[in-house]
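J.: Before I ask anything, let me first share the structure, which is written out below as structure tokens.
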RNA sequence: GGAGAGAUGGCAGAGUGGUCGAUUGCGUCUGUCUUGAAAACAGAAGACUUGCAAGGGUCCGGGGGUUCGAAUCCCUCUCUCUCCGCCA
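In this note's numbering, the protein residues as written are 1 to 423.
In structure tokens form, the structure reads like this:
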């Protein structure tokens, strides 16, 4: 959620930035928020005056009672009753205005940072890095779903039988490859100074709200209605929410967490080649990195995270590119996002495997995640996160790019984890 | 799932209708002392919000109520703990 003071200080700038994020009626929204806020403050001030008067009278009555002058209180009591009647109206009004203001405010996405390119579609994303040459696969190279079948690594039909489409069953070396990747990513994270967390994969409504999945994207999460819990779409949700309503010490920043979790996404409305094989699943594994940063450091940290993820992809010997997402393609809560895409040799397309974002104070404002600065005041921290990495598309690219007549070659760094060098 | 107890400031733990936003202890921070530290002593410190400020308002798990006045009484929800049952 954007800070009110940001809108107040420079509404023109906010409107301009919001338009980058495809908010067509930005000007109207901003104006409405500010008008509502004026109204709210005004009404609240009047209410406060009334309350103050009541408090004073109550205190007066108190001291009269204690000195035994009971009769003298009757007139005052009546007076308070009248004031109370009055304040009820204001109270109701304030409540309405607060709600109104809040509902307007949550509809505003985060402002794109200064480096974010203008644009509406994925074509407008800025390619900030791309591998020089793409590998040539043999003409008879096949997509990963065929390889998965050929080597009996992943069984999509079996998943359909026991659950449904988008819930694959990993088998044998396929399962071991998954496990190897998870451990590899976690170990790398630890070596980078991240602290490992194993969070619940069901979260309550407050958590879904804290990171911004609720109320807008409710339909994208699986919901266990009997217990009113949501299956997490990413570890970002439980991990970031660990710090909901927390005031950190300044010297504890940055907080660096890494977590492996399964992720669940309903992905309603997807179809076709996009969802073939491992391209898009309802359940998948991901290792996520989350940082809570000092506002002055968050962009520096974003670059560190980007470099870290780049190192991961490179260590797996996968051809990749990095995109800086344009305003229109960015997530609702993000101020700047880098997407990592690996080249899927047999499908001849780029697959997104990681998304690294700085949310600045957008999430922490909702979360009430603050740190106490040396001046003794509390300030909102910045939050960042990134996939490091999402497994399925990594697996897809590994299988496709590394297929040889002798089998599928496992990247060197993974061999200690898989226990085999070829599939 | 059944029975009982409870939810107060970073933690522990008082407070059962009237200057209580809250006694006290521990922890934290700042001074004094010390070469430095410890100890001792003195002092400081909750959160949100409004206001230039003085000041004001709200917050004792959440919501509602009684009352001139509620942390304190009533209703309700949530959660935690103890015991029993079940169980990876």
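Think of the CB as a built atom: it goes at the ideal place given N, C-alpha and C, for glycine as much as any other residue. A quick note: this is a predicted structure, and the numbers were derived from the prediction, not measured.
Going by alpha carbons, who is nearest to residue 247 out of 21, 371, 91, 342?
T.: In this structure, 371 is the residue among 21, 371, 91, 342 with its C-alpha nearest to the C-alpha of residue 247.
J.: Would you give the residue range spanned by the beta strand (DSSP E) that residue 126 belongs to?
T.: 126 to 130
J.: Would you mind stating whether residue 235 and residue 288 have Cβ atoms separated by less than 7 Å?
T.: yes
J.: Alpha carbon to alpha carbon, how far is residue 80 from residue 249? Give it in angstroms, no decimals.
T.: 44 Å
J.: Bridge partners of residue 371, per DSSP?
T.: 248, 379
J.: Counting along the chain, where does the alpha helix (DSSP H) carrying residue 354 start and finish?
T.: Taken as a continuous stretch (DSSP letters only), residue 354 belongs to no alpha helix (DSSP H), being part of the beta strand (DSSP E) at 349 to 360.
J.: Label residue 387 either buried or exposed according to how many other C-beta atoms from any shown protein chain fall within 10 Å of its C-beta, with 16 as the threshold for buried.
T.: The residue is buried, with at least 16 neighbouring Cβ atoms inside 10 Å.
J.: Can you check which of these residues, 286, 402, 311, 206, is closest to residue 391 by C-alpha distance?
T.: 286
J.: Does the pairing of the segment 357 to 367 with the segment 201 to 215 give three or more beta-carbon distances under 8 Å?
T.: yes
J.: Quick one: using the 10 Å Cβ neighbour count with 16 as the cut-off for buried, is residue 403 buried or exposed?
T.: buried
J.: Rounded to the nearest angstrom, how far is the Cβ of residue 173 from that of residue 420, given a contact under 8 Å?
T.: 7 Å
J.: Report the option in 47, 66, 113 whose CA atom is closest to the CA atom of residue 460.
T.: An answer regarding residue 460 cannot be provided, because it is not within the stretch 1 to 423 covered by the chain.
J.: Who are residue 231's beta bridge partners in DSSP?
T.: 202
J.: Mind pulling the alpha helix (DSSP H) runs of 4 or more residues that sit fully within the segment 124 to 190?
T.: 144 to 150, 156 to 162
J.: Nearest CA to the CA of residue 37: which residue from 4, 126, 231?
T.: 4
J.: Using DSSP bridges, identify the partner residues of residue 292.
T.: 255, 383
J.: Could you pull the DSSP bridge partners for residue 224 from this structure?
T.: 229
J.: Taking all protein chains shown into account, do 16 or more other C-beta atoms lie within 10 angstroms of the C-beta of residue 296, making it buried, or fewer, making it exposed?
T.: exposed
J.: Please report the residue range of the beta strand (DSSP E) in which residue 108 lies.
T.: Premise fails: residue 108 is in no beta strand (DSSP E) and is neither H nor E.
J.: Determine the DSSP secondary structure at residue 262, reduced to helix, strand or coil.
T.: strand
J.: Are the beta-carbon atoms belonging to residue 117 and residue 326 less than 7 Å from one another?
T.: yes
J.: With a CB to CB cut of under 7 Å and the five nearest residues on each side skipped, what residues in its chain are close to residue 97?
T.: 36, 39, 40, 43
J.: CA-CA distance, residue 26 and residue 162?
T.: Distance between the alpha carbons of residue 26 and residue 162: 47 Å.
J.: Name the DSSP beta bridge partners of residue 320, please?
T.: DSSP, once it has assigned bridges, lists 342 as partnering residue 320.
J.: Leaving out five residues before and five after residue 182 in sequence, what residues of the same chain have Cβ atoms less than 8 Å from its Cβ?
T.: 260, 285, 287, 391
J.: Please go through the same chain and pick out, in chain order, the residues whose beta-carbon is closer than 6 Å to the beta-carbon of residue 353, but skip the five residues on each side of it.
T.: Only residues of its own chain outside the window of five on either side were considered, and among them 340, 342, 389, 390, 393, 394 have a CB closer than 6 Å to the CB of residue 353, listed in chain order.
J.: Measuring alpha carbon to alpha carbon, tell me which of 245, 376, 186 ends up nearest residue 368.
T.: 245
J.: Between the Cα of residue 8 and the Cα atoms of 32, 21, 23, 24, which residue gives the shortest distance?
T.: 32
J.: With distances taken between CB atoms, is the gap from residue 401 to residue 311 smaller than 7 Å?
T.: no
J.: Helix, strand or coil: how does DSSP classify residue 210 here?
T.: helix
J.: If we count the other Cβ atoms within 10 Å of its Cβ and call it buried at 16 or more, is residue 87 buried or exposed?
T.: buried
J.: For residue 286, list the residues DSSP reports as bridge partners.
T.: 261, 390
J.: If you scan the segment 17 to 95 from start to end, which runs of the alpha helix (DSSP H) of 4 or more residues do you find wholly inside it?
T.: 26 to 66
J.: Cα-Cα, which of 50, 95, 99 is closest to residue 437?
T.: Any property of residue 437 remains undetermined from this structure, which presents the chain solely from 1 to 423.
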